[in-house]
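Enquirer:
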Amino acid sequence: MFQRKRERGSTVLGVIVGGGLAVLVLLVALLTRQALRDVESLKSAMSDNVQWTLSQTEVDHVHLVIALKNALAVQGRDLTAAEVEEIRKGFDIFFSRSDMLKDGRLFATLNSQPEFAVPLRRIQSVLTANLPVIDGPDDRLIEALPGLMAEIDELRPQVREISVQGLALLARQSDMRREALVTTITRLMALVAGLSVALVTVSTYLLIVNRKTHKRGIQIQQVSERIKTVLATSQDAVVVLDISWKVTEFNAVAERMFGFRAGDVIGRPVSENVIPLNMRDLLHQRDRRSAGKKQIVTAGPRLEQYSATRKDGTVFPAELTLQSAFDGTEEIIVGFIRDISRQVADEQELVEARDRALTGEKVKAEFLTVMSHEIRTPLNGILGNLSLLEETELSEEQSAFVRSMEISGKLLMGHVNAVLDIASLEAGKMAVVLSTVNINEVLQECVESQFGSAAARGNSLEWHWVGERRPWVITDRRHLQQILLNLLGNAIKFTENGHIAIEVEQSPLPSNGTQAQPGLEFRVVDTGMGIPEEQFDLIFDDFRTTDASFRRSAGGTGLGLGIARRLARNLGGEIAVESMLGEGSVFHFHIPVKIAAAPDAHGGEDNRVSDSATLDILVVEDNEINLQVVSTMLRKQGHRVAAAVNGQAAVEQAADRRFDLILMDISMPVMDGLEATRLIRRGTGASRDSVIVAFSANVLPGDRQSFLAEGMNGFLGKPLVLKDLRRLLLEHVPKARARRANGAADVAETHGSELVRTRISEMREVLGDDGTGQLLQRLTCEFDDLLAGIEDDLRAGGGWPALADSIHKAAGSAGAFGLVEMQTLLAEMEDAAKASDAAAIRVGKARLEGAWSESRPLLRL
Numbered sequence: 001m002f003q004r005k006r007e008r009g010s011t012v013l014g015v016i017v018g019g020g021l022a023v024l025v026l027l028v029a030l031l032t033r034q035a036l037r038d039v040e041s042l043k044s045a046m047s048d049n050v051q052w053t054l055s056q057t058e059v060d061h062v063h064l065v066i067a068l069k070n071a072l073a074v075q076g077r078d079l080t081a082a083e084v085e086e087i088r089k090g091f092d093i094f095f096s097r098s099d100m101l102k103d104g105r106l107f108a109t110l111n112s113q114p115e116f117a118v119p120l121r122r123i124q125s126v127l128t129a130n131l132p133v134i135d136g137p138d139d140r141l142i143e144a145l146p147g148l149m150a151e152i153d154e155l156r157p158q159v160r161e162i163s164v165q166g167l168a169l170l171a172r173q174s175d176m177r178r179e180a181l182v183t184t185i186t187r188l189m190a191l192v193a194g195l196s197v198a199l200v201t202v203s204t205y206l207l208i209v210n211r212k213t214h215k216r217g218i219q220i221q222q223v224s225e226r227i228k229t230v231l232a233t234s235q236d237a238v239v240v241l242d243i244s245w246k247v248t249e250f251n252a253v254a255e256r257m258f259g260f261r262a263g264d265v266i267g268r269p270v271s272e273n274v275i276p277l278n279m280r281d282l283l284h285q286r287d288r289r290s291a292g293k294k295q296i297v298t299a300g301p302r303l304e305q306y307s308a309t310r311k312d313g314t315v316f317p318a319e320l321t322l323q324s325a326f327d328g329t330e331e332i333i334v335g336f337i338r339d340i341s342r343q344v345a346d347e348q349e350l351v352e353a354r355d356r357a358l359t360g361e362k363v364k365a366e367f368l369t370v371m372s373h374e375i376r377t378p379l380n381g382i383l384g385n386l387s388l389l390e391e392t393e394l395s396e397e398q399s400a401f402v403r404s405m406e407i408s409g410k411l412l413m414g415h416v417n418a419v420l421d422i423a424s425l426e427a428g429k430m431a432v433v434l435s436t437v438n439i440n441e442v443l444q445e446c447v448e449s450q451f452g453s454a455a456a457r458g459n460s461l462e463w464h465w466v467g468e469r470r471p472w473v474i475t476d477r478r479h480l481q482q483i484l485l486n487l488l489g490n491a492i493k494f495t496e497n498g499h500i501a502i503e504v505e506q507s508p509l510p511s512n513g514t515q516a517q518p519g520l521e522f523r524v525v526d527t528g529m530g531i532p533e534e535q536f537d538l539i540f541d542d543f544r545t546t547d548a549s550f551r552r553s554a555g556g557t558g559l560g561l562g563i564a565r566r567l568a569r570n571l572g573g574e575i576a577v578e579s580m581l582g583e584g585s586v587f588h589f590h591i592p593v594k595i596a597a598a599p600d601a602h603g604g605e606d607n608r609v610s611d612s613a614t615l616d617i618l619v620v621e622d623n624e625i626n627l628q629v630v631s632t633m634l635r636k637q638g639h640r641v642a643a644a645v646n647g648q649a650a651v652e653q654a655a656d657r658r659f660d661l662i663l664m665d666i667s668m669p670v671m672d673g674l675e676a677t678r679l680i681r682r683g684t685g686a687s688r689d690s691v692i693v694a695f696s697a698n699v700l701p702g703d704r705q706s707f708l709a710e711g712m713n714g715f716l717g718k719p720l721v722l723k724d725l726r727r728l729l730l731e732h733v734p735k736a737r738a739r740r741a742n743g744a745a746d747v748a749e750t751h752g753s754e755l756v757r758t759r760i761s762e763m764r765e766v767l768g769d770d771g772t773g774q775l776l777q778r779l780t781c782e783f784d785d786l787l788a789g790i791e792d793d794l795r796a797g798g799g800w801p802a803l804a805d806s807i808h809k810a811a812g813s814a815g816a817f818g819l820v821e822m823q824t825l826l827a828e829m830e831d832a833a834k835a836s837d838a839a840a841i842r843v844g845k846a847r848l849e850g851a852w853s854e855s856r857p858l859l860r861l
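The sequence shown begins at 1 in the UniProt record's numbering and counts up by one.
1. P119 and I152: beta carbons closer than 7 Å?
2. Are the segment 677–686 and the segment 654–661 touching, with three or more C-beta to C-beta distances below 8 Å?
3. Hey, how far is the Cα of V62 from the Cα of Q517?
4. Relative to the C-alpha of P471, which candidate in R757, L786, A597 and R354 has its C-alpha closest?
5. So, at 6 Å on beta carbons, what are the nonlocal neighbours of G582 in its own chain, with the 5 sequence-adjacent residues on each side left out?
6. With 16 other CB atoms within 10 Å as the buried threshold, where does G584 fall?
7. Quick test of your reading: I662 and I692, contact by CB under 8 Å. State the CB separation rounded to the nearest angstrom.
8. In whole angstroms, give me the CA-to-CA distance for L155 and I134.
9. Cα separation between P508 and H590?
10. Assuming F715 and R726 form a contact by the criterion Cβ under 8 Å, report the distance between their Cβ atoms to the nearest whole angstrom.
11. Which residues bound the beta strand (DSSP E) around L241?
12. Considering Cα atoms alone, identify which of R635, S690 and G638 is closest to Q653.
13. Hey, how far is the Cα of S631 from the Cα of S696?
14. What residues in its chain sit with their C-beta under 6 Å from that of W245, if we drop five residues either side in the sequence?
15. The beta strand (DSSP E) spanning H479 covers which residue range?
16. Quick one: what's got a C-beta closer than 8 Å to G799's C-beta in the same chain, skipping five residues either side?
17. Going by DSSP, what residues sit across from G714 in a beta bridge?
18. Mind checking E468: buried by the 16 CB within 10 Å criterion, or exposed?
19. Mind pulling the alpha helix (DSSP H) runs of 4 or more residues that sit fully within the segment 659–689?
20. Let me confirm a value: A741 is counted as buried when at least 16 other C-beta atoms fall within 10 Å, else exposed. Which label applies?
21. Quick check: G711 and G673, are their CB atoms within less than 7 Å of each other?
22. Name the residue from D264, L571, V59 and N210 whose alpha carbon lies nearest to the alpha carbon of V159.
23. In terms of residue numbering, what span does the beta strand (DSSP E) encompassing P317 cover?
24. Is I333 a contact residue of the ligand COA, with contact defined as CB to any heavy atom under 6 Å?
25. Does the beta-carbon of I617 have 16 or more other beta-carbons within 10 angstroms, so that it is buried, or is it exposed?
26. With C-beta atoms as the reference, is R457 less than 7 Å away from E397?
27. In terms of alpha-carbon separation, which member of Q481, D785 and E533 lies closest to Q450?
28. Considering G335, what are the terminal residues of the beta strand (DSSP E) in which it resides?
29. Helix, strand or coil for D135, going by three-state DSSP, please let me know.
30. Could you check the C-alpha separation between I208 and G259 for me, to the nearest Å?
31. Based on the DSSP output, what are the partners of V524 in its beta bridges?
32. Go through its chain and collect everything with a Cβ distance to E115's Cβ below 8 Å, but skip five positions before and after it.
33. Can you give the beta carbon distance from V247 to V239, rounded, assuming they're within the 8 Å contact cut?
34. Below 8 Å on the Cβ atoms is my contact criterion, and I expect V437 with V466 to pass it. Report the Cβ-Cβ distance as a whole number of Å.
35. Given V843, which residues of its chain have a CB within under 8 Å of its CB, disregarding the five upstream and five downstream residues?
36. Can you give me the C-alpha to C-alpha distance between G217 and R211, rounded to a whole angstrom?
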């Protein structure tokens, strides 16, 4: 009976298929006729549109040339805004037209042809190059009119070329399309005829196939048996459910996983005892969602994780995949369940290993921080006292002892710095600070600083240029100097009674552009013992020396070359070595630079007389020895010194007394230096505008940027060197004398543009142009966002603490850039926000917008 039903169904199916094919043939004929009409109409419209656009491009070019000529023909008067706008309008139309030719869908084929694309690219390049002029201020556009006119007029051949070539290409393509369309239609008609014959054949074939369907039923049954075998041998637990959620299949893996026998669960609802409670809830939810639908699981295969429960109550993690299927008579649900206990345990182990690694890195960072502060601080006191001791009258023997102690202290400081530099470079925290550098001065300082060490081993030391000299460049002076010093120190250690030379040569770097990038190659050449070839790569490893025995004649930690290589890579270069045993070595590296002009020479008279000025200086330092050393140095320079042992004491003294200079330690008890600086800048005390210089040992370039952002003016490192202290005083003495000579009027000016210029200039000296530009951009975004969001915050209500924090942050930024008026307004607005005074906030916002508009031009200097 079932077979007869299948045969009747096959007959009906054959009739339906035959009728469908007949209808399809009729539709193909009708649609072919309609397509011919549509293609002809569309072809004509596209062609007309393209032709019009090509012609209009020439017209737009002529209009732009006429507008430019009219503007240039004006004599004796300035262009009006309307005339300038007419030029912009003509340019924008011409630019839009060329953009349409380049990116329009209708012109894609034309753009693939070189005779069309090449002149179009020329037009695009000229227009794009002049966009800044067109979109810029009117005066800049007027000034550039002659050049713009010349460039636009020179495009006349290209404009004509794309019009002529475009039309010619369009004509050829139209002919080709028409021929292709005729061919296609001919083939389509032949295909329709063939399809008609095929329909008869397919109908006959379907009748034959229909009689063979019962044979395929047997094959399907066999396939079904094979599938059951596959399920039985699957590594995952497989549970098959019928439409009423009763279990129909429960493979051996499922038995082992859940602890049930298949006979105990097959035929029973899955919710009774096979599936854990959480899975039962999931399936019930699916059942409710799919109620009244033909499909139980509508979303296809879906992987979910859950905590499964065995028969004995053991909980384990598992993955569940549900998929609906049709077995020929009804819909079924197939569930694949996998025990992922091992995978979860492995993932947990990886997470714990990562956490341990992060904890180790944190401990390492904290250790280096403590090491920097706790070792450098007493060492600073030792070296500072030695520096003071050298200023006293000493016997020759005592002077020798002092020099020996100072050399040992500096050597120890060098080892500490080496370890910290490696940590900084590995963490990516050692930023490149670009500035204008005199290469001659850097090389001379390097040679002079190492001359004593070289002479002690009987070595001669020199430097010289090879080829043309271009001493003024833009690079990172500190990194370059440290690379050279490390290479020199290494050469001195392994050279005795020999010669060491630094060579520098201009050597442009290869570039992808048309012009090579400027570069310098440095070579440190020595006549020392040489290095075996197999150790060329090893010598750059940390803590690696060519002779690690106790009898080695050269000291050192083995960090110098590793640090030099990292610093060179940080500058965009690479260090290499060439050496022969017994002959000597050559260490060379190549770095990109920018050629700079020599700065204007300044007379030295003002600087010399500045030393005679007496400053009021506040030294903020929690270490008693360092405080005593710095205070003594300053008093010997003739300055008045006050002391504070923490940030809170510094804030109190700065509020009551006007100081010309404040040396602020960073890490202190009670209150750190950054918080103290913020309070001094935001307050109304006597020293709110005084020069504040960070005075710390634990400082990286990124930290210096944060110091400037908090309102500091510079940085003085530890251990304190008398030369650096004198340079700092020499820099700030003229400012102090000017403030005293000009009085209140000059102070008022300092509150304005002069203070802003000074702050920006100081930032550029420390951070370079790129770093300062990033800070200025961040400041602009911060104030624009604040002004734009104040009204929204007021309307939302309830966000007073967040608004006060935003205003507080903006006030600190304003102080960092010397925007005193804005800082004062923001401080008042912060108080209003804390008091939930919306009216005062709105008044302050209006005043702040005016102050911000006046301050913007200053920040562009």
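Don't be surprised by glycine CBs; every beta carbon is placed ideally from N, CA and C.
Expert: Inspection of the coordinates gives the following:
1. The residue labelled residue 119 in the question sits at position 119 within the sequence shown. The residue labelled residue 152 in the question sits at position 152 within the sequence shown. No. Outside cutoff.
2. Yes, since at least three Cβ pairs between the segment 677–686 and the segment 654–661 fall closer than 8 Å, the two stretches touch.
3. For the purposes of this step, residue 62 is taken as residue 62 along the sequence shown, with counting starting at 1. For the purposes of this step, residue 517 is taken as residue 517 along the sequence shown, with counting starting at 1. So the two alpha carbons sit approximately 41 Å from each other.
4. On the sequence shown, position 471 is the one that residue 471 refers to. Nearest Cα to P471 within the set R757, L786, A597 and R354: A597.
5. In the sequence shown, residue 582 corresponds to position 582, counting from 1. The residues are G530.
6. Counting from 1 along the sequence shown, the entry for residue 584 is found at position 584. With 16 or more Cβ atoms within 10 Å of its Cβ, G584 is classed as buried.
7. For the purposes of this step, residue 662 is identified with residue 662 of the sequence shown, where counting begins at 1. For the purposes of this step, residue 692 is identified with residue 692 of the sequence shown, where counting begins at 1. Contact flag correct, Cβ pair sits at about 5 Å.
8. The residue labelled residue 155 in the question sits at position 155 within the sequence shown. The residue labelled residue 134 in the question sits at position 134 within the sequence shown. Rounded to the nearest angstrom, the two C-alpha atoms are 17 Å apart.
9. Taking the first residue of the sequence shown as 1, we reach residue 508 at position 508. Taking the first residue of the sequence shown as 1, we reach residue 590 at position 590. When rounded, the distance between both Cα atoms is 9 Å.
10. Here residue 715 corresponds to residue number 715 of the sequence shown, with the count starting at 1. Here residue 726 corresponds to residue number 726 of the sequence shown, with the count starting at 1. For a cut-off of 8 Å, the C-beta gap from F715 to R726 is around 16 Å, too long to register as a contact.
11. Taking the sequence shown and counting its residues from 1, one reaches residue 241 at position 241. In the DSSP assignment, L241 falls within the beta strand (DSSP E) that extends over A237 to L241.
12. The residue given as residue 653 occupies position 653 in the sequence shown. The option with the nearest alpha carbon to Q653 is S690.
13. Here residue 631 is taken as the residue at index 631 of the sequence shown, counted from 1. Here residue 696 is taken as the residue at index 696 of the sequence shown, counted from 1. Rounded to whole angstroms, S631 to S696 spans 15 Å at the Cα level.
14. Along the sequence shown, read from residue 1 onward, the residue named residue 245 stands at position 245. Answer for W245: P269 and V270, listed in chain order.
15. As a working note, residue 479 is residue 479 in the sequence shown. Not the beta strand (DSSP E): H479 falls in the alpha helix (DSSP H), residues R477 to K493.
16. If you number the sequence shown from 1, residue 799 lands on position 799. Cβ neighbours of G799 beyond the five flanking positions: D793.
17. Locating residue 714 in the sequence shown gives position 714, counting from the first residue. G714 is bridged to V693.
18. For the purposes of this step, residue 468 is identified with residue 468 of the sequence shown, where counting begins at 1. By the 10 Å Cβ count, E468 comes out exposed.
19. Scanning the segment 659–689 for uninterrupted alpha helix (DSSP H) segments of 4 residues or longer gives 673–682, listed from N- to C-terminal end.
20. Position 741 of the sequence shown, counted from the first residue, corresponds to residue 741. Only weak support is given to the placement of A741: the predicted model assigns it a pLDDT of 47, under 50, and the value that follows is read from those uncertain coordinates. Its Cβ having fewer than 16 others within 10 Å, A741 is exposed.
21. Here residue 711 refers to the residue found at position 711 of the sequence shown. Here residue 673 refers to the residue found at position 673 of the sequence shown. G711 is not a Cβ neighbour of G673, given a cutoff of 7 Å.
22. On the sequence shown, position 159 is the one that residue 159 refers to. Out of D264, L571, V59 and N210, V59 has the C-alpha closest to the C-alpha of V159.
23. Walking along the sequence shown from the start, residue 317 turns up at place 317. That run of the beta strand (DSSP E) goes V315 to F326.
24. In terms of ligand content, the structure shown is empty, and the ligand COA therefore cannot be addressed.
25. Here residue 617 refers to the residue found at position 617 of the sequence shown. That one is buried.
26. Against the sequence shown, residue 457 aligns to sequence position 457. Against the sequence shown, residue 397 aligns to sequence position 397. Not closer than 7 Å, so no.
27. Taking the first residue of the sequence shown as 1, we reach residue 450 at position 450. Relative to Q450, the option among Q481, D785 and E533 whose CA is nearest is Q481.
28. In the sequence shown, residue 335 corresponds to position 335, counting from 1. Run containing G335: E331 to D339, per the beta strand (DSSP E) assignment.
29. Position 135 of the sequence shown, counted from the first residue, corresponds to residue 135. DSSP places D135 in helix when its eight states are reduced to three.
30. Taking the sequence shown and counting its residues from 1, one reaches residue 208 at position 208. Taking the sequence shown and counting its residues from 1, one reaches residue 259 at position 259. Roughly 51 Å separates the two Cα atoms.
31. As a position in the sequence shown, residue 524 is number 524, starting the count at 1. Note: V524 sits in a beta bridge opposite I502 and F587.
32. Residue 115 sits at position 115 when you count from the first residue of the sequence shown. Taken in chain order, the residues that qualify are E161, Q165 and L169.
33. If you number the sequence shown from 1, residue 247 lands on position 247. If you number the sequence shown from 1, residue 239 lands on position 239. Sure, about 6 Å apart at Cβ, within 8 Å.
34. Within the sequence shown, numbered from 1, the residue matching residue 437 stands at position 437. Within the sequence shown, numbered from 1, the residue matching residue 466 stands at position 466. That pair is no contact at about 19 Å.
35. To locate residue 843, count along the sequence shown from 1; it is residue 843. The same chain holds no residue with a CB closer than 8 Å to that of V843 once the five nearest residues on each side in sequence are set aside.
36. Within the sequence shown, numbered from 1, the residue matching residue 217 stands at position 217. Within the sequence shown, numbered from 1, the residue matching residue 211 stands at position 211. Just so you know, the alpha carbons of G217 and R211 end up roughly 12 Å apart.
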